[in-house]
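Worksheet for the structure shown next.
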Amino acid sequence: MPDETSLYDLPWVTIRRVSVTDMDNNVYLVTSKDSGAQVLIDAAGGIRKIHRMLEASAHDASERTRLSLIITTHSHHDHIRALRELVDETGIRTAAGAADASAIAGQTGIKPDVLLKNRDIVAVEGFDLTVIHLRGHTPGSVALAYTPVDGPVHLFTGDSLFPGGPGRVTSPADFARIMEDLEARVFDVYGDDTVVHPGHGLPTTLGVERPQISEWRARGW
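Heads up: the sequence shown at position 139 corresponds to 138 in numbering that gives the first Met the number 0, and the numbers run straight through without jumps.
Printed below as a string of structure tokens:
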């Protein structure tokens, strides 16, 4: 079967993305070019596609590639469909936002090994990811920022930020929370060249989205 992943070939890491399921969920794989250590973000389904992405990534590092951690951005079912199977196959440790851990465990039987909080640093051999807690879509939704020495930040936002606005919420209070966190923890911190990798669909940048913030607030939840 052909490799169906898209690839960002950066100086120190590669970022692969594959779309799975009928909901166009994105599964991401970040690989250190030096060490071969890998983090998979959202085991959303399509286990065969995930296998092919892992196989393709064997060419992304000078050392043997190895999956080090699976991070779940939030607890919704469409983002965890392959989590149980992948953990059973690999025995790899998992991580998720602390406030979503119980919901993930209840659906999958996988209790996250690492409970993530805002501004935590997820360190693997060769790169770090900064955790950004974004309340609203779910209580424990997290984004993950890869900040290289040179070049733009790459931000994995789950379902909290898409091209065109924040993710779905179910109340005005949750809309206020997600907008507060997006503005204070994302738009006020990172530059316009930051690449946004959403949980569904194609990437965007903060520079493209920033001018629309007032429209999002006016539109409401």
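We treat Cβ as the ideally placed atom computed from N, Cα and C, and that holds for glycine.
When the distance is taken between beta carbons, is residue j closer than 8 Å to residue i?
i             : j              : result
threonine 137 : aspartate 99   : yes
methionine 22 : histidine 199  : yes
leucine 133   : isoleucine 109 : no
arginine 80   : threonine 4    : no
valine 130    : valine 123     : no
alanine 55    : glycine 35     : no
arginine 209  : aspartate 191  : yes
How many angstroms separate the CA atom of residue i from the CA atom of residue j?
i              : j             : result
glycine 140    : leucine 128   : In the sequence as presented, glycine is not what sits at residue 140; that position holds serine. About 15 Å.
valine 207     : glutamate 179 : 19 Å
aspartate 119  : alanine 97    : 11 Å
isoleucine 14  : serine 213    : 31 Å
leucine 66     : alanine 217   : 43 Å
glycine 219    : serine 159    : 15 Å
glycine 125    : glutamine 37  : 9 Å
glutamine 228  : leucine 205   : With the chain running from 0 to 220 in the structure shown, residue 228 is simply not present.
aspartate 149  : aspartate 8   : 13 Å
glutamine 106  : isoleucine 91 : 18 Å
valine 188     : valine 195    : 14 Å
glycine 45     : arginine 167  : 23 Å
asparagine 117 : histidine 76  : 23 Å
arginine 47    : threonine 64  : 18 Å
Can you pull the DSSP bridge partners for residue i?
i                 : result
phenylalanine 174 : The partner list for phenylalanine 174 (beta bridge, DSSP) is empty, contrary to what the question assumes.
arginine 15       : Leu6 and Leu28
isoleucine 120    : Thr129
Please report the Cβ distance between residue i and residue j, rounded to the nearest whole angstrom; I am assuming they are in contact, meaning their Cβ atoms lie under 8 Å.
i              : j                 : result
threonine 72   : aspartate 33      : Contact doesn't hold; Cβ gap of about 26 Å is too wide.
alanine 95     : leucine 68        : Contact doesn't hold; Cβ gap of about 11 Å is too wide.
isoleucine 103 : serine 74         : 5 Å
glycine 135    : phenylalanine 174 : 7 Å
leucine 143    : isoleucine 70     : 6 Å
proline 147    : tryptophan 11     : 6 Å
proline 165    : leucine 201       : At roughly 17 Å, the Cβ-Cβ gap does not stay under 8 Å, so proline 165 and leucine 201 are not in contact.
_So, does the region 26-43 touch the region 143-162, judging by three or more C-beta pairs under 8 Å?_
A contact exists between the region 26-43 and the region 143-162.
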